[in-house]
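Report on the structure given below.
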Ligand SMILES: NC(=O)c1ccc[n+]([C@@H]2O[C@H](COP(=O)([O-])OP(=O)(O)OC[C@H]3O[C@@H](n4cnc5c(N)ncnc54)[C@H](OP(=O)(O)O)[C@@H]3O)[C@@H](O)[C@H]2O)c1
């Protein structure tokens, strides 16, 4: 971190510290990363970059005044390569524009390295770093942990896919895929990033709730790909709710045989420190501000309902990125992950 009073030469090593940077530090997930890294015992935030390179962390994020005063740089891949690891908190396409020139460890929060090439180019844009796709490991911690131990590059899952996949993956052997998989998901407004749009304008979002891109949202293909299903099988409807942060994915599937859902979840996640199995329906307030995913399941005959709640900015983005960074740097996976929710 380039504190004004103790400016270090970029990339200069402290044996105990692993040097990291954030490109895209002015956005919401960038802000969350700065906050998480401020208290991390091993990562030293040395490089904070935006498109303009103007100002300081304090001026980008006034809430951090007095917390740290960091110089902000204009984003530059060559500078970032002097660090041990770089987080990319950028829009898709902009992310691969930087990643293609990065030789250090990369944890990318965008969609650019999550999908197979064909699916990416169908739903996003022509890929500008195709040759590198195979070098990225999907960062859904509980299901890709072993792969993460052997990689230098991480594609952090999308927020909706994180919530939906954590709910559905334990039940794959029990679901009747001749019936549709329905994912009805609701997100706080911060899921859309800091730039205001017609959908996220206060007057539209406040006291309101509405679906957007029903059955056509780009996260459908990410969910389908990671479940090894055809896109048509997955019926995903995202909605915006009048909350700042937090997300729920309500998943409805048909069972092909009788199961005890609580037992299935317990067997898969009983030892997972950041998955909490609930006996009552999940709530975003219990997870907002944390890395936890809360899960609840119930059934009615052959219909299985699984609900998953996460903080979209943390478990759905920045704390999942941090957990993956811990793993690829050989640190204890839970180091610095937030556990205390913003309650009441
Ligand atoms: N928000 C969520 O809940 C969430 C969850 C999961 C994944 N994600 C993904 O995470 C990524 C970041 O999301 P976000 O919500 O943090 O978006 P955001 O609030 O819009 O922030 C993106 C930042 O990228 C910066 N940027 C754009 N072009 C740049 C460039 N050429 N060089 C340096 N910085 C540049 C912008 O900074 P300037 O304005 O200074 O240019 C902006 O602050 C996206 O790919 C998003 O899809 C977001």
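Numbering (the numbering used here), first residue to last: 3 to 346.
Every residue gets a Cβ at the ideal spot worked out from N, C-alpha and C, and that includes glycine.
Top-ranked residue by Cα proximity to residue i, from the options
i: residue 258; options: 274, 303, 133, 206; result: 303
i: residue 211; options: 78, 187, 312, 346; result: 187
i: residue 295; options: 82, 164, 19; result: 164
i: residue 105; options: 121, 243, 81; result: 81
i: residue 136; options: 148, 153, 242; result: 153
i: residue 299; options: 231, 243, 284, 290; result: 284
i: residue 214; options: 270, 241, 193, 224; result: 241
i: residue 228; options: 264, 269, 174; result: 174
i: residue 339; options: 168, 331, 290, 322; result: 322
Helix, strand or coil at residue i [DSSP, three-state]
i: residue 338; result: coil
i: residue 302; result: strand
i: residue 207; result: helix
i: residue 3; result: Below a pLDDT of 50, predicted positions are generally treated as unreliable, and residue 3, at 40, falls in that range; the measurement from the model is reported next regardless. Residue 3 falls in the coil class under three-state DSSP.
i: residue 137; result: helix
i: residue 53; result: coil
i: residue 188; result: strand
i: residue 37; result: helix
i: residue 310; result: strand
i: residue 73; result: strand
i: residue 242; result: strand
i: residue 223; result: helix
i: residue 150; result: helix
Residue i and residue j closer than 7 angstroms at C-beta
i: residue 334; j: residue 325; result: no
i: residue 293; j: residue 317; result: yes
i: residue 166; j: residue 243; result: no
i: residue 270; j: residue 172; result: yes
Element boundaries [alpha helix (DSSP H), containing residue i]
i: residue 162; result: 161-170
i: residue 273; result: Counting along the chain, residue 273 falls outside any alpha helix (DSSP H), and DSSP gives it neither H nor E.
i: residue 59; result: 59-62
7 angstroms Cβ cutoff, residue i in contact with chain C
i: residue 296; result: Of the protein chains in the structure, only one exists, and it is not chain C.
N-terminal and C-terminal residue of the beta strand (DSSP E) that residue i is part of
i: residue 21; result: 20-25
i: residue 90; result: 87-90
i: residue 155; result: 155-157
i: residue 253; result: 249-256
i: residue 107; result: 107-110
>> Would the region 77-93 count as touching the region 33-52 if we require 3 or more Cβ pairs under 8 angstroms?
In response: Yes, the region 77-93 is in contact with the region 33-52.
>> For the region 230-249 against the region 178-185, do three or more pairs of beta-carbon atoms, one drawn from each stretch, fall closer than 8 angstroms, so that the two count as touching?
In response: Cβ pair count under 8 angstroms is three or more, so yes.
> Can at least three beta-carbon pairs, one atom from the region 27-36 and one from the region 305-320, be found at a separation below 8 angstroms?
Replying inline: These segments touch.
>> Within 8 angstroms, do at least three Cβ pairs link the region 141-158 to the region 94-109?
In response: Cβ pair count under 8 angstroms is three or more, so yes.
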